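Participant: Let me begin by handing over the structure; questions about it come next.
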Amino acid sequence: MCKQLKVGPRDSLQPVLSAILQIPLIAVFEISKQQKNMANAQQAKLSTAFYYLNDNFYCENSPVHQIENELEKTSGCDDDDDDRSATPLYIYSQAQLHRNIQSYKDAIQSAGMSGRMHIFYAVKANPNLHLMELVRKQNCGAVTVSGYELKAALNTGFVPEMILLNGNGKQMWEIRLALKNGCMLNVDSYFDAENIISVARQLQKTARVLIRVNPGLEQSSTPVHSYLSTALKNSKFGIPLHQFDQVLELLRAEHFIQVVGLHCHVGSTIRDAFIYSDVTRILLDIRQKLITQGYAHLKYLDIGGGLGIDYYHGTNQEQSPLSSTGELIQAIASLLPPDVEVIIEPGRSLVANTGILVTKVLGSKKSPDGGKNFVVVDAAMNDLIRPSFYQAYHHVLPVRKSISSEGTYDIVGPICESGDFLAVDRRLAQEPVKGDLMAIMDIGAYGMAMASNYNMRARAAEVLVDGNSWKIIRRRENFESLVRTMTAD
Ligand SMILES: Cc1ncc(COP(=O)(O)O)c(C=O)c1O
1 MCKQLKVGPR
11 DSLQPVLSAI
21 LQIPLIAVFE
31 ISKQQKNMAN
41 AQQAKLSTAF
51 YYLNDNFYCE
61 NSPVHQIENE
71 LEKTSGCDDD
81 DDDRSATPLY
91 IYSQAQLHRN
101 IQSYKDAIQS
111 AGMSGRMHIF
121 YAVKANPNLH
131 LMELVRKQNC
141 GAVTVSGYEL
151 KAALNTGFVP
161 EMILLNGNGK
171 QMWEIRLALK
181 NGCMLNVDSY
191 FDAENIISVA
201 RQLQKTARVL
211 IRVNPGLEQS
221 STPVHSYLST
231 ALKNSKFGIP
241 LHQFDQVLEL
251 LRAEHFIQVV
261 GLHCHVGSTI
271 RDAFIYSDVT
281 RILLDIRQKL
291 ITQGYAHLKY
301 LDIGGGLGID
311 YYHGTNQEQS
321 PLSSTGELIQ
331 AIASLLPPDV
341 EVIIEPGRSL
351 VANTGILVTK
361 VLGSKKSPDG
371 GKNFVVVDAA
381 MNDLIRPSFY
391 QAYHHVLPVR
401 KSISSEGTYD
411 IVGPICESGD
421 FLAVDRRLAQ
431 EPVKGDLMAI
441 MDIGAYGMAM
451 ASNYNMRARA
461 AEVLVDGNSW
471 KIIRRRENFE
481 SLVRTMTAD
């Protein structure tokens, strides 16, 4: 599909955005030749972009502590009453992002599905424009869940026909934006269908839609955190099977609607590819029924995203084995009739392991009974909410290894909430002491994307490492940026 599609009209914000993307936020930093050679040799042995060399933690060829040091020097803040530190800080690896996309592409090719299976990046996982641009350059499409995500996808140059606007509560302006630009939309409910029809009529434009199916699964068949399940009987997403015919009737009668496919996303952090075979079978069944009712344009099956990653880095033997991208693609490919094309919507499995959150230890304290060793760091739930929100596990590593004793720690942030933690009862090989830097792993997905300004904390900067160099791809917020929208012009 990538080759067949013509690039459609761009949103008028394109020049503005291009200008933004080209802003030399700060100079690109380079590391020395000797460091580079050593790092190259070490990295060649490792499958991920993050590794230790001489007890220092690296992202690609750049020592993490060096990035933090440089950033601190160039923070530009010389006010003693303001935050001058570089941490918390998100650091991403460009090479890892490319590797993750390539692993999907290789799997698609091995399954003989090139041109019939399309990777639509789930922008919600990480909407940084620079990362989106990298993904787009790999000929991926985009799945978006808000008007602004859609604008970001259009403005970073995603082919409009390869953008899908999803969402259970789309507003009229969002539907209009999608339709004007020739993007596809998911129909999520009866009222959503009515709204899409109404906008399509106003614009006199055919809406190419996929129908999002809610197959009403049991929680036990999608063994993930309940907040991450999206196709259960009581989920708010998609059209339950018993309402399907009613919605179909509405769509069928409408001149400006073309149903081009079916969609189902069952949830996130899925470990076993068999779930995707089940979803494919369910959608193929429904497709078959629709074909017998005369639907001729059902080109796509969109089986959603949701493949998990190894957040535990091999340290949790109790977890069921994690299917690879190859197993996922194979699970679908083996079931497909030749006239069907598949859209997959990975977010996490493309970007999660591309990023770390670097944080500095502010100090430590013990609970009165000695049951808890709290390590207080400068990152918090506003920078990474997954542990507080879903009790999610993120691996924690020291940025510099040192000889010290093992211990069990709660790594907590400075936010005024008892639920503000990044890790609980975590066994660490070395005691974190004041001033130490720590890396919270796998925050590339749903890290910065879910960050907030709670407690009036400025959201952290994002840095992108590319081999020997790195650049800031999002500046850290400051007091002025926090209050800008509260003050009169
Ligand atoms: C419809 C849809 N597609 C794709 C995704 C991406 O999921 P993940 O990042 O786990 O791959 C999500 C995430 O919730 C989603 O809701």
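So for the sequence shown, UniProt numbering puts the first residue at 1; every next one is plus one. The C-beta atom is built at its ideal place from N, Cα and C for all residues, glycine as well. Keep in mind that this is a model prediction, so the values were computed, not measured.
Work out the CA separation of residue 357 and residue 128 for me, nearest whole Å.
Facilitator: Stepping through the sequence shown from its first residue, residue 128 is reached at position 128. Stepping through the sequence shown from its first residue, residue 357 is reached at position 357. If you take the alpha carbons of residue 128 and residue 357, they lie about 15 Å apart.
Participant: Which of the three DSSP states, helix, strand or coil, is assigned to residue 401?
Facilitator: To locate residue 401, count along the sequence shown from 1; it is residue 401. DSSP places residue 401 in coil when its eight states are reduced to three.
Participant: By the DSSP assignment, the beta strand (DSSP E) with residue 365 in it spans what residues?
Facilitator: Here residue 365 corresponds to residue number 365 of the sequence shown, with the count starting at 1. Its beta strand (DSSP E) spans residues 355-366.
Participant: Please report the Cβ distance between residue 189 and residue 167, rounded to the nearest whole angstrom; I am assuming they are in contact, meaning their Cβ atoms lie under 8 Å.
Facilitator: Residue mapping note: residue 189 aligns to position 189 of the sequence shown, counting from 1. Residue mapping note: residue 167 aligns to position 167 of the sequence shown, counting from 1. About 10 Å; that fails the 8 Å criterion.
Participant: Residue 96 and residue 354 look like a contact to me (Cβ under 8 Å); what is the Cβ gap, rounded to whole Å?
Facilitator: If you number the sequence shown from 1, residue 96 lands on position 96. If you number the sequence shown from 1, residue 354 lands on position 354. The Cβ separation is near 4 Å, so the contact holds.
Participant: Taking 7 Å as the cut-off, is the CB of residue 124 close to at least one heavy atom of ligand 1?
Facilitator: On the sequence shown, position 124 is the one that residue 124 refers to. Yes, the Cβ of residue 124 comes within 7 Å of a heavy atom of ligand 1.
Participant: State yes or no: is the C-beta of residue 332 within less than 8 Å of the C-beta of residue 303?
Facilitator: Indexing the sequence shown from 1 puts residue 332 at position 332. Indexing the sequence shown from 1 puts residue 303 at position 303. Yes, Cβ-Cβ distance for residue 332 and residue 303 is below 8 Å.
Participant: So is residue 235 buried or exposed if we call it buried at 16+ other beta carbons inside 10 Å?
Facilitator: Reading the sequence shown from its first residue, position 235 is the one you call residue 235. Buried, by the Cβ-count rule.
Participant: What whole-angstrom Cβ distance do residue 230 and residue 187 have, given they're in contact under 8 Å?
Facilitator: For the purposes of this step, residue 230 is identified with residue 230 of the sequence shown, where counting begins at 1. For the purposes of this step, residue 187 is identified with residue 187 of the sequence shown, where counting begins at 1. Contact flag wrong, Cβ pair sits at about 16 Å.
Participant: Using only the heavy atoms of ligand 1, determine whether one of them is closer than 7 Å to the beta carbon of residue 271.
Facilitator: Looking up residue 271 in the sequence shown gives position 271. For ligand 1, not one heavy atom lies less than 7 Å from the Cβ of residue 271.
Participant: Taking contact to mean 3 or more Cβ pairs, one atom from each stretch, closer than 8 Å, check whether the segment 160-176 and the segment 132-148 are in contact.
Facilitator: With the cut-off at 8 Å, the segment 160-176 and the segment 132-148 touch.
Participant: Do residue 307 and ligand 1 come close, with the Cβ less than 7 Å from some heavy atom?
Facilitator: In the sequence shown, counting from the first residue as 1, residue 307 sits at position 307. Yes, ligand 1 has a heavy atom inside 7 Å of this Cβ.
Participant: How would you call residue 306, buried or exposed, if buried means at least 16 neighbouring beta carbons within 10 angstroms?
Facilitator: Mapped onto the sequence shown, residue 306 falls at position 306. Its Cβ being crowded by 16 or more others within 10 Å, residue 306 is buried.
Participant: When the Cα atoms are used, what is the spatial distance from residue 427 to residue 436?
Facilitator: Sequence index remark: in the sequence shown, residue 427 carries index 427 (1-based). Sequence index remark: in the sequence shown, residue 436 carries index 436 (1-based). Each residue's Cα considered, the two are about 17 Å apart.
Participant: Quick one: what's residue 141 bridged to in DSSP?
Facilitator: Residue numbering aside, residue 141 sits at position 141 when the sequence shown is read from its first letter. Paired residues: 120.
Participant: Where in the segment 298-347 do unbroken runs of the beta strand (DSSP E), each at least 3 residues long, occur, reported from the N-terminal end onward?
Facilitator: 300-302, 341-344
Participant: Quick check: the segment 87-95 against the segment 438-454, are at least 3 beta-carbon pairs closer than 8 Å?
Facilitator: yes
Participant: Mind reading off the beta-carbon distance from residue 52 to residue 401? Whole number of angstroms is fine, and I expect it under 8 Å.
Facilitator: Taking the sequence shown and counting its residues from 1, one reaches residue 52 at position 52. Taking the sequence shown and counting its residues from 1, one reaches residue 401 at position 401. Rounded, the Cβ-Cβ distance is 6 Å, consistent with contact.
Participant: Are the beta-carbon atoms belonging to residue 429 and residue 396 less than 8 Å from one another?
Facilitator: On the sequence shown, residue 429 is found 429 positions in, with the first residue counted as 1. On the sequence shown, residue 396 is found 396 positions in, with the first residue counted as 1. Not closer than 8 Å, so no.
Participant: Output the boundary residues of the alpha helix (DSSP H) element that contains residue 408.
Facilitator: Sequence index remark: in the sequence shown, residue 408 carries index 408 (1-based). Careful: residue 408 lies outside any alpha helix (DSSP H), inside the beta strand (DSSP E) at 407-412.
Participant: Which whole-angstrom value is the C-beta distance of residue 150 and residue 178, which I expect to be below 8 Å?
Facilitator: Here residue 150 refers to the residue found at position 150 of the sequence shown. Here residue 178 refers to the residue found at position 178 of the sequence shown. About 6 Å; that satisfies the 8 Å criterion.
Participant: What first and last residue would you give for the beta strand (DSSP E) that runs through residue 471?
Facilitator: Taking the first residue of the sequence shown as position 1, residue 471 is located at position 471. Start and end: 469-474.
Participant: Taking the Cβ atom as the reference point for each residue, do residue 209 and residue 279 lie within a distance shorter than 8 Å?
Facilitator: The residue labelled residue 209 in the question sits at position 209 within the sequence shown. The residue labelled residue 279 in the question sits at position 279 within the sequence shown. Their beta carbons are not under 8 Å apart, which means residue 209 does not touch residue 279 by this criterion.
Participant: Quick check on residue 384: does DSSP put it in helix, strand or coil?
Facilitator: To locate residue 384, count along the sequence shown from 1; it is residue 384. Three-state DSSP puts residue 384 in coil, outside helix and strand.
Participant: Could you give the C-beta distance for residue 323 and residue 379, rounded to a whole number, given that I count them as a contact under 8 Å?
Facilitator: Here residue 323 refers to the residue found at position 323 when the sequence shown is read from its first residue. Here residue 379 refers to the residue found at position 379 when the sequence shown is read from its first residue. 31 Å between Cβ atoms; not a contact.
Participant: Consult DSSP for residue 486 and reduce its assignment to one of helix, strand or coil.
Facilitator: Position 486 of the sequence shown, counted from the first residue, corresponds to residue 486. Helix.
Participant: Residue 491: which of 485, 326, 256 sits nearest, CA to CA?
Facilitator: A question about residue 491 goes unanswered here, because the residues of the chain that appear run from 1 up to 489.
Participant: Going by Cα to Cα distance, which pick from 350, 373, 483 is closest to residue 101?
Facilitator: Here residue 101 refers to the residue found at position 101 of the sequence shown. The shortest C-alpha separation from residue 101 is found at 350.
Participant: What number of angstroms, rounded off, separates the C-alpha of residue 318 from the C-alpha of residue 174?
Facilitator: Translated into the one-based positions of the sequence shown, residue 318 becomes position 318. Translated into the one-based positions of the sequence shown, residue 174 becomes position 174. Their Cα atoms are separated by approximately 43 Å.
Participant: Any heavy atom of ligand 1 closer than 7 Å to the beta-carbon of residue 327?
Facilitator: Walking along the sequence shown from the start, residue 327 turns up at place 327. For ligand 1, not one heavy atom lies less than 7 Å from the Cβ of residue 327.
Participant: Is there at least one non-hydrogen atom of ligand 1 closer than 7 Å to the beta-carbon of residue 467?
Facilitator: Working through the sequence shown from its first residue, we reach residue 467 at position 467. No, ligand 1 has no heavy atom inside 7 Å of this Cβ.
Participant: Residue 195 lies in the beta strand (DSSP E); which residues open and close that run?
Facilitator: Indexing the sequence shown from 1 puts residue 195 at position 195. Counting along the chain, residue 195 falls outside any beta strand (DSSP E), though it belongs to the alpha helix (DSSP H) covering 190-203.
Participant: May I ask which residues mark the beginning and end of the beta strand (DSSP E) holding residue 184?
Facilitator: Along the sequence shown, one-based indexing puts residue 184 at 184. Run containing residue 184: 184-187, per the beta strand (DSSP E) assignment.
Participant: Suppose contacts are defined by Cβ-Cβ distances below 8 Å. Is residue 472 in contact with residue 461 by that definition?
Facilitator: Looking up residue 472 in the sequence shown gives position 472. Looking up residue 461 in the sequence shown gives position 461. Contact flag set, yes.
Participant: Check whether the Cβ atoms of residue 247 and residue 200 lie closer than 8 Å to each other.
Facilitator: Sequence index remark: in the sequence shown, residue 247 carries index 247 (1-based). Sequence index remark: in the sequence shown, residue 200 carries index 200 (1-based). No, they are not a contact pair.
Participant: Counting only runs that start and end within the segment 413-438, where is the beta strand (DSSP E) found for 3 or more residues in a row?
Facilitator: Taken in chain order, the complete beta strand (DSSP E) segments of 3 or more residues contained in the segment 413-438 are 421-428.
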